[in-house]
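In our numbering, the protein residues as written are -17 to 257. Note that CB positions come from ideal geometry on N, CA and C, so glycine has one too. None of the values given here were measured: they were computed from a predicted structure. A short write-up of the structure that comes next.
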Amino acid sequence: MPELPEVETVCRGLAPLFEGQRFARVTLRRRDLRIPFPKGLAARVQGRRIEKVYRRAKYIVVALDGGDSLIAHLGMSGRMTIVARPRPFEAHDHVIFAMEDGTEVRFNDPRRFGLLTIAPTDALDGHALFRHLGPDPLDPVFTPEWLSAQLKGRKTTIKAALLDQRLVVGVGNIYACESLYRAGISPKRKAGTVAGARAEKLVPAIQQVLREAIAAGGSSLRDHVQPSGELGYFQHAWSVYGREGEPCRCGSKKAAVKRIVQGGRSTFFCPVCQT
DNA sequence: CTTTCGTCCTGACTGC
DNA sequence: TGCAGTCAGGACGAAA
């Protein structure tokens, strides 16, 4: 799925189409994704003008006139595709946003771990989905000091901690691996021991990794299509993710990327340069 | 309180 | 070619 850079890329792709336009028609082709669509969702959205599209954590927020905001999450397999000319639906096209100019945006999600809901714009921060979220890693408040304070005393691994959205949002399995590699920190290390000097390296590592991925247009594995609607999604060159057994770029002859399972999820790292 | 684990769901891939 | 088993970018709630 989409982690922070992919969601950011989707938002940036949707914004020029959405902002200033009205939703002519919204079609829900099933009654739920991960959670049920709220009653009357389509009616609340149709005819509304879109004021702004932006990202909060891994959520896409679409602020509408009239005081409501749409909230979408892509889960593991969600995609937003821009369809300029009418064409048949594809499998798992669950929600269709038809614009006044005839363009459609289709929310497709095979695994249906995604989410679409609506809430009053002035109450978003206190919304159940947002309330517990930590700072955005690209926000100035995300500092080594802040991270250190959060990690202090934590017994879980630093890899697991980075996936905890209360600590910092937007970092998923791939970027957690890549950030730890960049910082030279072992994913098996106890989170508490990263507070201090290691956090000074980790915070900029996270920010660099994410910024580079955003600059690359958002990266993808197999099923994330660019919001432009074009097929041209590309492979990102990871340093460790998905590279089990390959020599590490650190250059040590003994350094091969290793895969372990932490909390039921794959972790890739170099046992030589990450300590 | 913190931490781990199972679960939601489909599709792609691997190996027999 | 078929089929069973495994794994996948997330996040929630239950259990320990």
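Simplified DSSP assignment, three categories, for Pro18:
Looking up residue 18 in the first sequence gives position 36. Reduced to three states, the DSSP call for Pro18 is strand.
Within the continuous beta strand (DSSP E) that includes Ser130, where are the two ends?
Taking the first residue of the first sequence as position 1, residue 130 is located at position 148. Premise fails: Ser130 lies in the alpha helix (DSSP H), 126 to 133, not in any beta strand (DSSP E).
Counting only the same chain and skipping the five closest in sequence on each side, list residues whose C-beta sits under 6 Å from that of Pro253.
As a position in the first sequence, residue 253 is number 271, starting the count at 1. Answer for Pro253: Lys240, listed in chain order.
On the CB-based measure, 16 or more other CB atoms within 10 Å of its CB, does Thr249 come out buried or exposed?
If you number the first sequence from 1, residue 249 lands on position 267. With 16 or more other Cβ atoms within 10 Å, it is buried.
Tell me the rounded alpha-carbon separation between Arg93 and Ser59.
Stepping through the first sequence from its first residue, residue 93 is reached at position 111. Stepping through the first sequence from its first residue, residue 59 is reached at position 77. If I take the Cα positions, the gap works out to 6 Å.
Cut-off 6 Å between Cβ atoms - residues of its own chain near Ala45, not counting five sequence neighbours on either side
Taking the first residue of the first sequence as 1, we reach residue 45 at position 63. Only Glu33, Lys34, Ser51, Thr103 meet the Cβ criterion.
Cβ pair Phe124, Arg38 closer than 9 Å
Within the first sequence, numbered from 1, the residue matching residue 124 stands at position 142. Within the first sequence, numbered from 1, the residue matching residue 38 stands at position 56. Not a contact, by the Cβ cut-off of 9 Å.
Leu184: first and last residue of the uninterrupted alpha helix (DSSP H) it sits in:
Working through the first sequence from its first residue, we reach residue 184 at position 202. Start and end: 179 to 197.
My understanding is that Gly227 touches Ala238, with C-beta atoms under 8 Å, so please give their C-beta distance in whole angstroms.
Residue numbering aside, residue 227 sits at position 245 when the first sequence is read from its first letter. Residue numbering aside, residue 238 sits at position 256 when the first sequence is read from its first letter. With 8 Å as the limit, Gly227 and Ala238 qualify as a contact, their Cβ atoms being about 6 Å apart.
By the 10 Å Cβ neighbour count, where 16 or more other Cβ atoms means buried, how is Val87 classified, buried or exposed?
Your numbering for residue 87 matches position 105 in the first sequence. Label assigned to Val87: buried.
Using alpha carbons as the reference points, say which of Asp121, Asn90, Gly57 lies closest to Phe71.
As a position in the first sequence, residue 71 is number 89, starting the count at 1. Ranking the options by Cα distance to Phe71, first place goes to Asn90.
Kindly indicate the opening and closing residues of the beta strand (DSSP E) around Glu86.
Here residue 86 is taken as the residue at index 104 of the first sequence, counted from 1. Glu86 -> beta strand (DSSP E) spans 86 to 90.
Please confirm if the stretch -4 to 6 is in contact with the stretch 14 to 31, defined as three or more CB-CB distances below 8 Å between the two stretches.
yes
With contact counted as at least three CB pairs below 8 Å, one residue from each stretch, are the stretch 146 to 156 and the stretch 174 to 183 in contact?
no
Only counting the same chain, and skipping five residues up and downstream in sequence, which positions put a Cβ closer than 7 Å to that of Thr139?
Position 157 of the first sequence holds residue 139. Once the five neighbours on either side are set aside, the close Cβ partners of Thr139 are Pro169, Lys170, Arg171, Lys172, Ala173, Gln244.
What did DSSP end up calling Ser202 once you bin it into helix, strand or coil?
Taking the first sequence and counting its residues from 1, the one referred to as residue 202 is at position 220. Annotation note: pLDDT 47 at Ser202 (below 50); position unreliable, coordinate value reported separately. In this structure, Ser202 counts as strand in the three-state DSSP scheme.
For the alpha helix (DSSP H) holding Ile167, just list the boundary residues, first then last.
For this step, residue 167 is matched to residue 185 along the first sequence. That residue, Ile167, is in no alpha helix (DSSP H); it is neither H nor E in DSSP.
Lys235 CB to nearest heavy atom of the ligand ADP below 8 Å
Absent from the structure shown: the ligand ADP. Ligands present: none.
Is it true that the stretch 75 to 83 meets the stretch -10 to 5, where meeting means three or more beta-carbon pairs spaced less than 8 Å apart?
yes
Using a 10 Å radius around the Cβ and a threshold of 16 neighbouring Cβ atoms, would you call Cys(-7) buried or exposed?
Residue -7 sits at position 11 when you count from the first residue of the first sequence. It is buried - the Cβ of Cys(-7) has at least 16 other Cβ atoms within 10 Å.
Please report the residue range of the alpha helix (DSSP H) in which Val143 lies.
Position 161 of the first sequence holds residue 143. Per the sequence shown, residue 143 should be read as Ala rather than Val. Element bounds for Ala143: 140 to 144.
Nearest candidate by alpha-carbon position, reference Phe251, set Pro122, Lys235, Tyr223
Numbered from its first residue, the first sequence carries residue 251 at position 269. When each option's Cα is compared against that of Phe251, the closest is Tyr223.
Have a look at Gln132 and Arg69 and give me their C-alpha separation to the nearest angstrom.
For the purposes of this step, residue 132 is taken as residue 150 along the first sequence, with counting starting at 1. For the purposes of this step, residue 69 is taken as residue 87 along the first sequence, with counting starting at 1. Each residue's Cα considered, the two are about 49 Å apart.
Can you give me the start and stop residues for the alpha helix (DSSP H) that Arg241 sits inside?
Within the first sequence, numbered from 1, the residue matching residue 241 stands at position 259. Counting along the chain, Arg241 falls outside any alpha helix (DSSP H), though it belongs to the beta strand (DSSP E) covering 240 to 244.
Taking the alpha helix (DSSP H) that Glu(-12) belongs to, which residues open and close that run?
Your numbering for residue -12 matches position 6 in the first sequence. Taken as a continuous stretch (DSSP letters only), the alpha helix (DSSP H) holding Glu(-12) covers -14 to 0.
Per DSSP, His55 is paired with what?
Within the first sequence, the letter at position 73 stands for residue 55. The partner list for His55 (beta bridge, DSSP) reads Tyr41, Leu97.
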